[in-house]
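Q: Sharing a structure here in structure tokens format.
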Amino acid sequence: MKGTVVYLYAFDVANEIQTRRIREVLGQKPFPFEIRLDAAAPRDVPVYTPLSIRLQPIQCAN
50 MKGTVVYLYA FDVANEIQTR RIREVLGQKP FPFEIRLDAA APRDVPVYTP LSIRLQPIQC
110 AN
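If you're matching positions, the sequence shown starts at 50 in our numbering and goes up one per residue.
Here it is, written out as structure tokens:
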């Protein structure tokens, strides 16, 4: 009998990050991402608002 064993290991640190202490991401000040909630969205479910930044458009040479 022959075979291959593949072991994948991932560690999630997202819950450990204190976002209120983040001052700069990629050289810019982050802001909470605004998610538009319509009337169809439930009111009793909390919506996570991740930090985001606006990247400048890149110039591509032809």
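For each residue, glycine too, the CB sits at the ideal point set by N, CA and C.
Please read these numbers as outputs of a predicted model, since none were measured by experiment.
1) Counting pairs of beta carbons, one from the region 65-78 and one from the region 100-108, are three or more of them closer than 8 Å?
2) To which residues does DSSP link F82 through a beta bridge?
3) Among P81, V94, I107, P91, which has the Cα closest to the Cα of T68?
4) If the criterion is Cβ atoms closer than 8 Å, does the pair I84 and V94 meet it?
A: So, to answer that:
1) yes
2) Paired residue(s): none; F82 is not in a bridge.
3) P81
4) no
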